[in-house]
Every structure is written in structure tokens, then in C-alpha cells.
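Colleague: Below: one structure in C-alpha cells.
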Amino acid sequence: MAENLENKTVLLTGAGGGIGRAIAAKLANQKMKLILLGGNNIEKLQGTAEIVYKNSSCLVLPGDLTDPEFLTESMETIRRECGCIDVLINNAGVAQNTRFEDITLEEFDRIMAINVRVPFMLTQKVLPFLKESSSATIINIASVVSHSGYPMQSIYSASKHALLGMTKSIAREYYKENIRVHAICPGGVYTDMVKISRPDLTPDGMILPEDVADLVYFFLANRTNAVIDEILVHRVSKEPFS
Ligand SMILES: NC(=O)c1ccc[n+]([C@@H]2O[C@H](COP(=O)([O-])OP(=O)(O)OC[C@H]3O[C@@H](n4cnc5c(N)ncnc54)[C@H](OP(=O)(O)O)[C@@H]3O)[C@@H](O)[C@H]2O)c1
53 MAENLENKTV
63 LLTGAGGGIG
73 RAIAAKLANQ
83 KMKLILLGGN
93 NIEKLQGTAE
103 IVYKNSSCLV
113 LPGDLTDPEF
123 LTESMETIRR
133 ECGCIDVLIN
143 NAGVAQNTRF
153 EDITLEEFDR
163 IMAINVRVPF
173 MLTQKVLPFL
183 KESSSATIIN
193 IASVVSHSGY
203 PMQSIYSASK
213 HALLGMTKSI
223 AREYYKENIR
233 VHAICPGGVY
243 TDMVKISRPD
253 LTPDGMILPE
263 DVADLVYFFL
273 ANRTNAVIDE
283 ILVHRVSKEP
293 FS
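In short: position in the sequence shown from 1, add 52, done, that's this note's numbering.
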């Protein structure tokens with residue numbers, strides 16, 4: 053039987069983006085309460101909040117996720133306003149489209165910070181809440197480049213390999229504390245990001261943000277005893293692995 057998700061609290065990052073907005077809409081439809089954490093584009097974040105408000109409630113906390121002070125202050129606000137977190141979804145991320153030899157140290161640090169350091173920091177901060185929840189789940193939005201490498205995406209690929217590795221270890225470390233940890237590894241999803249990182253791809257056959265949101269829901273609604281590391285999702289393509 054599907055889990056009853058009503059009134060469970062979800063902390064979601066990157067909610068102003070394509071995949072984040074679809075996840076927020078899907079989970080609000082299930083009457084889950086949303087915390088939309090982080091984002092520099094307030095308009096986009098507000099757009100997502102308006103979609104959530106149609107079916108549920110949300111707390112909107114805009115800001116730079118790479119700023120540890122912002123995270124600490126946000127966790128205090130969440131403790132005060134919500135008191136609990138049942139699900140953490142590390143979705144915020146940045147891609148790249150740069151030749152390896154042209155990547156600066158600053159760019160390397162920025163990509164690794166958002167794609168790896170932020171999920172690390174947030175997961176540590178959210179664990180005490182999850183330990184109090186009967187439906188504790190962490191879902192990390194990784195990528196097919198957690199397994200493969202594309203030209204011009206070396207550091208993005210390195211960061212997503214790291215995120216998948218962290219996911220698998222945490223899944224085993226916290227299984228006995230009833231916390232489920234999964235990654236979703238999509239190929240090209242039709243969002244603003246893919247238009248920049250893979251300008252060679254056409255929308256034809258691309259995964260939709262709503263497809264990723266459905267998989268997030270699948271994990272939450274079907275809480276199993278098994279350790280499920282990841283769901284690997286390919287777009288329809290003539291190429292073998294893209
Ligand atoms: N699109 C794809 O083909 C694809 C495929 C596989 C995996 N993914 C992964 O899916 C996730 C979502 O991607 P998307 O396609 O939905 O991209 P997107 O539309 O560009 O959304 C990315 C989100 O991350 C947020 N973000 C980035 N840096 C941030 C920071 N320093 N502080 C706070 N928020 C920050 C952005 O917020 P602001 O813009 O407001 O700063 C935005 O809401 C990413 O982790 C991405 O790597 C995407």
C-alpha cells in the first residue's frame with residue numbers, strides 16, 4: 053500500500069528551477085508541506101511557491117546555499133516554524149560547458165560547492181530531524197554523468213560521481229536508523245540547465261521535469277526494506293548512453 057504522505061514535511065533545494073518546480077508541484081499535490089530552501093532568483097522561487105499554495109503550504113527561504121551562515125540561520129527558522137523534516141531533497145545544482153583546460157580554480161570550487169559540499173552540509177544539518185521521523189528519506193538528484201563523462205562537463209561529472217558515492221555510503225550508514233537514501237540519475241531533462249550544458253541536444257525525446265518528480269514520488273510512496281541506491285533514467289536517444 054502506498055505511504056500516506058499527507059502533512060509530511062519536505063525540505064527541497066533548487067525549487068525555482070525546472071526539476072525543483074516539478075517536484076514541488078507533485079509533492080504539494082500529495083498535500084505534503086514544502087520548505088523551499090535557497091535560490092538567488094526570487095521571482096522563480098515565488099513562482100514555485102504559488103503553485104504549491106494551490107494544494108498545500110510552504111515556507112520560502114531564498115539565499116545562497118553555499119553560504120554556511122545562510123544554512124545555519126535557515127535551520128533555526130525551520131526548527132522554529134516547522135519543527136520537523138521528514139524528507140530532504142538535494143536538487144540544487146549547476147552544470148558547465150567548458151573545455152577542461154579552461155576551467156579556473158574558482159569555477160571548480162563553485163561547481164563542487166553547490167553539487168557536493170551543499171548536499172554534505174545540508175544532510176548533516178537535517179539528520180537530527182530525520183532521526184525523529186518514521187518516514188525519513190533523503191533523495192539526491194544526481195545525473196547520468198554520475199556514471200559517465202561527456203566532453204566539456206569534466207567537473208560537473210566529477211561532482212555528480214561524488215554525489216552518487218556519498219549517497220551510497222550514507223544509505224548504508226543510516227539504514228538501521230530507518231533513514232532511506234536514494235539518488236535519481238537522469239539523462240537530459242528539458243530545463244534551462246540542459247539548454248546551456250548540452251546545446252547540442254534537441255527537446256525531442258528528452259526527459260521531462262515531471263518524469264523526475266514522478267520518480268521522487270515513487271520513492272516516497274513505496275518505502276521498501278531494500279537498499280535502493282539509485283534510479284538511472286535515460287532519455288530516448290539514438291546514441292547508446294546519453
Ligand atoms: N536538466 C538536466 O538535464 C539534468 C540532468 C541530470 C541531472 N540534473 C540535475 O537536476 C538538478 C536540477 O537541475 P535543473 O535542470 O532543474 O536546473 P535549473 O533549472 O538550472 O535549476 C537549478 C536550481 O539550482 C539552484 N541553485 C544553483 N546554485 C545555487 C546556489 N548557490 N544557491 C541556491 N540555489 C542554487 C538554482 O536557483 P537560482 O537560479 O535561483 O540560483 C535553480 O533553482 C541539478 O542538480 C542538476 O544537476 C539535471
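Glycine residues also receive a C-beta, built at the ideal position from the N, C-alpha and C atoms.
Computed from a predicted model, the values in this text were never measured in an experiment.
Looking only at DSSP bridge pairs, what is E282 linked to?
Modeller: A235.
Colleague: Can you grab the Cα-Cα spacing for the pair L79 / D116, in whole Å?
Modeller: The straight-line gap from Cα to Cα measures roughly 24 Å.
Colleague: Just to check, is the beta-carbon of N143 closer than 7 Å to a non-hydrogen atom of ligand 1?
Modeller: At least one heavy atom of ligand 1 is nearer than 7 Å to the Cβ of N143, so yes.
Colleague: Which one of Y202, G69 and L157 has the shortest CA to CA distance from V146?
Modeller: The option with the nearest alpha carbon to V146 is G69.
Colleague: From I248 to L182, what distance separates their C-alpha atoms?
Modeller: C-alpha separation (whole angstroms): 35 Å.
Colleague: Along the chain, where does the beta strand (DSSP E) that runs through I141 open and close?
Modeller: I141 -> beta strand (DSSP E) spans V139 to N142.
Colleague: If you reduce the DSSP assignment to three classes, tell me which class I191 lands in.
Modeller: The answer is strand: DSSP assigns I191 an E or B state.
Colleague: Report the three-state DSSP secondary structure of F293 (helix, strand or coil).
Modeller: Reliability of the predicted coordinates at F293 is poor, the pLDDT of 47 falling under 50, and the value obtained from them is presented with this limitation in mind. It is coil, neither helix nor strand.
Colleague: Which two residues bound the contiguous alpha helix (DSSP H) that contains V178?
Modeller: From DSSP, the alpha helix (DSSP H) with V178 extends over V170 to L182.
Colleague: Compute the distance between the beta-carbons of A210 and D281, then report whether it is under 8 Å.
Modeller: No, Cβ-Cβ distance for A210 and D281 is not below 8 Å.
Colleague: Examine ligand 1 and report whether any of its heavy atoms sits within less than 7 Å of the Cβ of L97.
Modeller: Yes, the Cβ of L97 comes within 7 Å of a heavy atom of ligand 1.
Colleague: Please name the residue or residues paired with I259 in a DSSP beta bridge.
Modeller: BP columns for I259 point to V241.
Colleague: Report the start-end ranges of each alpha helix (DSSP H) in the segment 105-138 that is 4 residues or longer and not cut off at the edges.
Modeller: Listed in chain order, they are 120-133.
Colleague: Need the endpoints of the beta strand (DSSP E) that K85 sits in, please.
Modeller: Run containing K85: K85 to L89, per the beta strand (DSSP E) assignment.
Colleague: Going by DSSP, what residues sit across from V62 in a beta bridge?
Modeller: Answer is L86 and V139, bridged to V62.
Colleague: Beta carbon of S28: closer than 7 Å to some heavy atom of ligand 1?
Modeller: Since the first residue of the chain shown is 53 and the last is 294, residue 28 is not available in this structure.
Colleague: Assign N142 to one of two classes, buried (16 or more other C-beta atoms within 10 Å of its C-beta) or exposed (fewer than that).
Modeller: So N142 counts as buried.
Colleague: Should the segment 220-237 be regarded as contacting the segment 175-195, the criterion being three or more beta carbon pairs within less than 8 Å?
Modeller: Short answer: they touch.
Colleague: When the Cα atoms are used, what is the spatial distance from T61 to E133?
Modeller: Near 12 Å, if we compare the C-alpha coordinates of E133 and T61.
Colleague: Using 8 Å as the Cβ pair cut-off and three pairs as the minimum, do the segment 119-135 and the segment 92-103 touch?
Modeller: Output reads no: the segment 92-103 does not touch the segment 119-135.
Colleague: Nearest to I207 by alpha carbon, out of K220, P180 and M164?
Modeller: It is M164.
Colleague: Where does N149 fall in DSSP's three states?
Modeller: Correct three-state label for N149: coil.
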